[in-house]
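A.B. asks: Questions regarding the structure given below will be posed in turn.
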Amino acid sequence: MEASIPHGVLNFITGSGSSIGDLLVSHRKVSLVTMTGSTEVGQHIMEKASCNMSKLILELGGKAPFMVWRDADLHRTLDALMVAKYSNAGQSCIAAERLYVHNDVYDKFMGMFKEASGKVTVGNPEQSRMGPLINNKAV
Numbered sequence: 001m002e003a004s005i006p007h008g009v010l011n012f013i014t015g016s017g018s019s020i021g022d023l024l025v026s027h028r029k030v031s032l033v034t035m036t037g038s039t040e041v042g043q044h045i046m047e048k049a050s051c052n053m054s055k056l057i058l059e060l061g062g063k064a065p066f067m068v069w070r071d072a073d074l075h076r077t078l079d080a081l082m083v084a085k086y087s088n089a090g091q092s093c094i095a096a097e098r099l100y101v102h103n104d105v106y107d108k109f110m111g112m113f114k115e116a117s118g119k120v121t122v123g124n125p126e127q128s129r130m131g132p133l134i135n136n137k138a139v
């Protein structure tokens, strides 16, 4: 699709952070680095980018809450939680990390959540709704 942007204005470089990331964030011509990921990787990028005083925008280690109110439609809320918690194998900066459930519906909702979570299968996308974790460090 033609976007009418001058050549070179928008570039995408993909690859392993260990193979190209350090070169990019420490290069003298890079004036801004933005990254979404773990606090550990953010600290590493900050160190590498500091040699040139590059500007940084870091979105690190999100702890997104998911709240269930007393008057919630528990079935719809459960469907939303399953997506919020388990999409991308839970490896998303906006994945639900903390669950707050009103006392009046706690037992019922947590029972529903436990049952639904027990049905999640990991494997080939054609037989499951969740793929594997990205690597052993993600466990």
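In full-length UniProt numbering, the protein residues as written are 1 to 139. Every residue, glycine too, gets a C-beta built ideally from N, C-alpha and C.
Find the nearest neighbour of residue 72 within the set 10, 89, 102, judged by alpha-carbon distance.
C.D. replies: That would be 102, whose Cα lies nearest to the Cα of residue 72.
A.B. asks: Tell me whether the beta-carbon of residue 96 lies closer than 8 Å to the beta-carbon of residue 66.
C.D. replies: Their beta carbons are under 8 Å apart, which means residue 96 touches residue 66 by this criterion.
A.B. asks: In terms of residue numbering, what span does the alpha helix (DSSP H) encompassing residue 113 cover?
C.D. replies: Where residue 113 is concerned, the enclosing alpha helix (DSSP H) stretches over 106 to 118.
A.B. asks: Can you have a look at residue 31 and say buried or exposed, based on whether 16 or more other CB atoms are within 10 angstroms of its CB?
C.D. replies: Exposed: under 16 other Cβ atoms inside 10 Å.
A.B. asks: Using a threshold of 8 Å, state whether the C-beta atoms of residue 26 and residue 49 are closer than that.
C.D. replies: Closer than 8 Å, so yes.
A.B. asks: Does the pairing of the stretch 78 to 92 with the stretch 128 to 139 give three or more beta-carbon distances under 8 Å?
C.D. replies: Yes: at least three Cβ pairs fall under 8 Å.
A.B. asks: Report the three-state DSSP secondary structure of residue 84 (helix, strand or coil).
C.D. replies: The answer is helix: DSSP assigns residue 84 an H, G or I state.
A.B. asks: For residue 122, list the residues DSSP reports as bridge partners.
C.D. replies: The partner list for residue 122 (beta bridge, DSSP) reads 130.
A.B. asks: Can you say whether residue 117 is buried or exposed, counting buried as having 16 or more other CB atoms within 10 angstroms of its CB?
C.D. replies: The residue in question, residue 117, is exposed, as its Cβ has fewer than 16 Cβ neighbours within 10 Å.
A.B. asks: If you draw a straight line from the C-alpha of residue 76 to the C-alpha of residue 106, how long is it?
C.D. replies: Their Cα atoms are separated by approximately 15 Å.
A.B. asks: Out of 10, 9, 45, point me to the one whose CA is closest to residue 23's CA.
C.D. replies: Checked all of 10, 9, 45; the closest Cα to residue 23 is 45.
A.B. asks: Identify whether residue 47 lies in helix, strand or coil by the three-state DSSP scheme.
C.D. replies: Residue state, collapsed to three classes: helix.
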